[in-house]
Ligand SMILES: Nc1ncnc2c1ncn2[C@@H]1O[C@H](COP(=O)(O)OP(=O)(O)OP(=O)(O)O)[C@@H](O)[C@H]1O
Ligand SMILES: [Mg+2]
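Chains as they are written, first to last, in the numbering used here: chain Z, 24 to 271; chain W, 44 to 315.
See the structure below:
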């Protein structure tokens, strides 16, 4: 065998790279949509207003319960039938993934906001801050550090789920692997190459989130253990939280 | 550097209505009646110490004033404004957020657990309130933060992070943060009881300083009887949501009339 697997991959590297680019783009766009939805719906879920909470729980219950795959098919194929419009299939995929992962993200945001000690809210009241300032200056920056690890997992989930676009004809990484497998008959190598590329994208995303986590923790006065480099970023962080202002 | 907007209120004997008035205030948590038709008044510039056994409702009184809790019955007045109601078209309606924010502007609070914002430097902790809720310029807020940190002896720590400070230092920053809002009324809830013994004196010295150099009205819950004797005009002894006894610090600490006060003071002196 020797260099054959390497040759297979090197010959097709541009194709795989293009597929990986598509996967990465869909992941980033889906994440952006999911993030905005998660923040807005998550904050709504922490309000006392029953309408706001109703909207939030309707959204999360609905879109957590609907498979992104079905949602994507529905948007790509049913919308043109019932309306005069046709959705771009990639756009449909981004929408479906964003709506689906956003529903999980919203729960993370809600839980993280609620996990900020009540004493912090009371301190903002004593300083006569408005709700908006309290959220922006105090609560969200503290909740942010707590959201990030779970957000990291959700981004990876979204990336893996993005393979559904191959089913509606988008040439993402999975689609490239399938086409190359069919064309060459080398199924193991074709999909093995895709696995490696997926792994690399995941590592890039993980490092990105870990960098954000480090920054968030530093802002909260929690210093990461010494040493590091890129490899340290791939390990889950172990930072001791130092409390400044617990419960009453 | 004036610490408060209050002008020339000389002390408890000042003329005019009380700054704070509790009128038949009832506070319940479920079946637990914490305050039973509580009546008391505090004059502008007066410094009042609240003492009493655990669970007697001292914290509840401060939290009600800070609008962190609402009364079940009765009215709390601050400078003629009710904390639960406001006037609209000549009718009394439940207080809205705007009304509360107007009343709250006069009140500051220092918490037992400091409650500094861990996502901000010491400087930001002190300046964000004035900048965002008083509309003070950044430069002015910074200048004031420096002055206040000087007062509490922490000028060197202005760019430190709260987690880099000892408990006593954090509490002094919290006092500076509250004073930066130029409150007329300062609420202090056992501000030294979360501190290691050797850090208590530093915080109390700062508060003595504030008491001596300003005319801020202070409501202070504390077990530090020496401090209470030094700074307060009046001591209120609470028991089961009512005032059991009140008087000057000399009278309450030197010659308490009520048996409950005697027992309480004896217990505090033995443990503290
Ligand atoms: N959020 C709450 N929910 C239910 N009960 C409460 C709550 N806050 C206070 N209480 C009860 O109200 C009573 C008075 O509490 P408060 O904290 O005012 O007492 P305190 O005089 O400050 O006591 P301590 O000296 O221990 O601080 C207590 O019986 C307490 O259990
Ligand atoms: Mg208390």
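Idealized CB from N, CA, C, for every residue including glycine. Since this is a predicted model, take the numbers as computed values, not measurements.
**Item:** residue 139(Z) (DSSP reduced to helix, strand or coil)
**Value:** Residue 139(Z): coil per DSSP, three-state reduction.
**Prompt:** Does DSSP classify residue 232(W) as helix, strand or coil?
**Reply:** DSSP places residue 232(W) in strand when its eight states are reduced to three.
**Asked** Thinking C-alpha only, which one of 61(W), 103(W), 189(W) and 300(W) is nearest residue 87(W)?
**Response** If you compare the alpha carbons of 61(W), 103(W), 189(W) and 300(W) with that of residue 87(W), the shortest gap goes to 61(W).
**Same chain, Cβ closer than 7 angstroms to residue 24(Z), neighbours up to 5 away in sequence not counted** = Only weak support exists for where residue 24(Z) lies, its pLDDT of 46 falling under 50; the value from the coordinates is given anyway. Cβ neighbours of residue 24(Z) beyond the five flanking positions: none.
**Prompt:** Which residues have a Cβ closer than 7 angstroms to any heavy atom of ligand 2, listed in chain order?
**Reply:** This criterion selects 101(W), 102(W), 232(W), 233(W) and 264(W).
**Asked** With a cut-off of 7 angstroms, does the C-beta of residue 209(Z) fall near any C-beta of chain W?
**Response** False, the Cβ-Cβ gap to chain W never drops below 7 angstroms.
**Asked** Is the Cβ of residue 164(Z) closer than 7 angstroms to any Cβ of chain W?
**Response** So yes, residue 164(Z) belongs to the interface.
**Item:** Nearest-angstrom Cα separation, counted from residue 165(W) out to residue 118(W)
**Value:** Going by the C-alpha atoms only, they are around 37 angstroms apart.
**Message:** So if I threshold CB-CB distances at 8 angstroms, which residues from the segment 220-251 of chain Z count as touching chain W?
**Reply:** From the segment 220-251 of chain Z, only 242, 243, 244 and 245 have a Cβ closer than 8 angstroms to chain W.
**Message:** Between the alpha carbons of residue 28(Z) and residue 221(Z), how many angstroms are there, rounded?
**Reply:** Each residue's Cα considered, the two are about 17 angstroms apart.
**Neighbourhood of residue 186(Z) by C-beta, 7 angstroms cutoff - its chain only, sequence neighbours within 5 removed** = Apart from sequence neighbours up to five positions away, the residues of its chain that approach residue 186(Z) with a beta-carbon distance below 7 angstroms are 195 and 197, ordered along the chain.
**Message:** Once the 5 residues before and after residue 61(Z) are set aside, which same chain residues still bring their CB inside 6 angstroms of it?
**Reply:** The residues are 125, 128, 129 and 132.
**Message:** Is the beta carbon of residue 101(W) closer than 7 angstroms to that of residue 108(W)?
**Reply:** Cβ atoms of residue 108(W) and residue 101(W): not closer than 7 angstroms.
**Message:** Between residue 278(W) and ligand 1, is there a pair consisting of the residue's CB and a ligand heavy atom that are separated by less than 6 angstroms?
**Reply:** No, the Cβ of residue 278(W) stays beyond 6 angstroms of every heavy atom of ligand 1.
**Message:** Following a CB-centred definition, is residue 39(Z) positioned closer than 6 angstroms to any heavy atom of ligand 1?
**Reply:** When distances are taken from the beta-carbon of residue 39(Z) to the heavy atoms of ligand 1, even the shortest one reaches 6 angstroms or more.
**Message:** DSSP has residue 293(W) in a bridge; who is on the other side?
**Reply:** Bridge partners of residue 293(W): none, in fact.
**Proximity below 7 angstroms, CB of residue 99(W) to CB of residue 282(W)** = Yes; because the gap between Cβ atoms is below 7 angstroms, this pair is in contact.
**Request:** Using DSSP bridges, identify the partner residues of residue 132(W).
**Result:** In the DSSP secondary-structure assignment, residue 132(W) is not bridged to any residue.
**Asked** residue 49(Z): buried (16+ other C-beta within 10 angstroms of its C-beta) or exposed?
**Response** So residue 49(Z) counts as buried.
**Prompt:** From which residue to which residue does the alpha helix (DSSP H) around residue 83(W) run?
**Reply:** It is not in any alpha helix (DSSP H) - residue 83(W) instead sits in the beta strand (DSSP E) that spans 75-85.
**Item:** Three CB pairs or more closer than 8 angstroms across the segment 80-97 of chain Z and the segment 138-153 of chain Z
**Value:** Taking 8 angstroms as the limit for Cβ pairs, the verdict is that the segment 138-153 of chain Z does not touch the segment 80-97 of chain Z.
**Request:** Specify the secondary structure class of residue 94(W) as computed by DSSP and reduced to three states.
**Result:** Under the three-state reduction of DSSP output, residue 94(W) falls in the strand class.
**Prompt:** Between residue 274(Z) and residue 137(Z), which are expected to be in contact by the criterion C-beta below 8 angstroms, what is the C-beta distance as a whole number of angstroms?
**Reply:** The displayed coordinates of chain Z run from 24 to 271. Any statement about residue 274(Z) would go beyond what the structure contains.
**Item:** ligand 1 heavy atom lying under 6 angstroms from the CB of residue 98(W)
**Value:** Residue 98(W) Cβ: within cutoff of ligand 1.
**Prompt:** Near residue 192(Z), what residues of its chain come up, given a Cβ to Cβ distance below 7 angstroms and the 5 sequence neighbours on each side ignored?
**Reply:** Cβ within range, chain order: 112.
**Asked** Is there at least one non-hydrogen atom of ligand 1 closer than 6 angstroms to the beta-carbon of residue 108(Z)?
**Response** For ligand 1, not one heavy atom lies less than 6 angstroms from the Cβ of residue 108(Z).
**Range covered by the beta strand (DSSP E) that runs through residue 260(W)** = Boundaries of the beta strand (DSSP E) harbouring residue 260(W): 260-264, taken from the DSSP string.
**Prompt:** How about residue 82(Z): is its Cβ closer than 6 angstroms to a heavy atom in ligand 1?
**Reply:** In this structure, residue 82(Z) has its beta carbon at no less than 6 angstroms from each heavy atom of ligand 1.
**Asked** Is the beta carbon of residue 400(W) less than 7 angstroms from the beta carbon of residue 114(W)?
**Response** Chain W is shown only over 44 to 315; residue 400(W) falls outside these bounds and no answer can be derived.
**Message:** Based on DSSP bridge pairs, tell me the residues matched to residue 116(W).
**Reply:** Looking at the DSSP assignment, residue 116(W) forms a beta bridge with 69(W).
**Asked** For ligand 1, is there a heavy atom less than 6 angstroms away from the beta-carbon of residue 72(W)?
**Response** Yes - ligand 1 has a heavy atom lying nearer than 6 angstroms to the Cβ of residue 72(W).
**Request:** Since I believe residue 120(Z) is in contact with residue 75(Z) (beta carbons under 8 angstroms), could you give me their beta-carbon distance rounded to a whole number of angstroms?
**Result:** Actually they do not touch by this definition, with Cβ atoms about 25 angstroms apart.
**Request:** Give the interface partners of residue 136(Z) over in chain W, defined as CB-CB distance under 9 angstroms, in chain order.
**Result:** Neighbours of residue 136(Z) on chain W: none; closest Cβ ~14 angstroms, over 9 angstroms.
**Request:** List in chain order: all unbroken beta strand (DSSP E) runs of 3+ residues lying wholly within the segment 50-138 of chain Z.
**Result:** Fully enclosed beta strand (DSSP E) runs of 3 or longer: not present.
**Request:** Indicate whether the contact test is met: 3 or more Cβ pairs, each with one atom in the segment 198-206 of chain Z and one in the segment 38-45 of chain Z, closer than 8 angstroms.
**Result:** Judged by Cβ distances under 8 angstroms, the segment 198-206 of chain Z makes contact with the segment 38-45 of chain Z, as three or more pairs qualify.
**Message:** For the structure I just gave you, are there three or more beta carbon pairs, one from the segment 190-206 of chain W and one from the segment 144-154 of chain W, closer than 8 angstroms?
**Reply:** No: the two stretches stay apart, fewer than three of their Cβ pairs being nearer than 8 angstroms.
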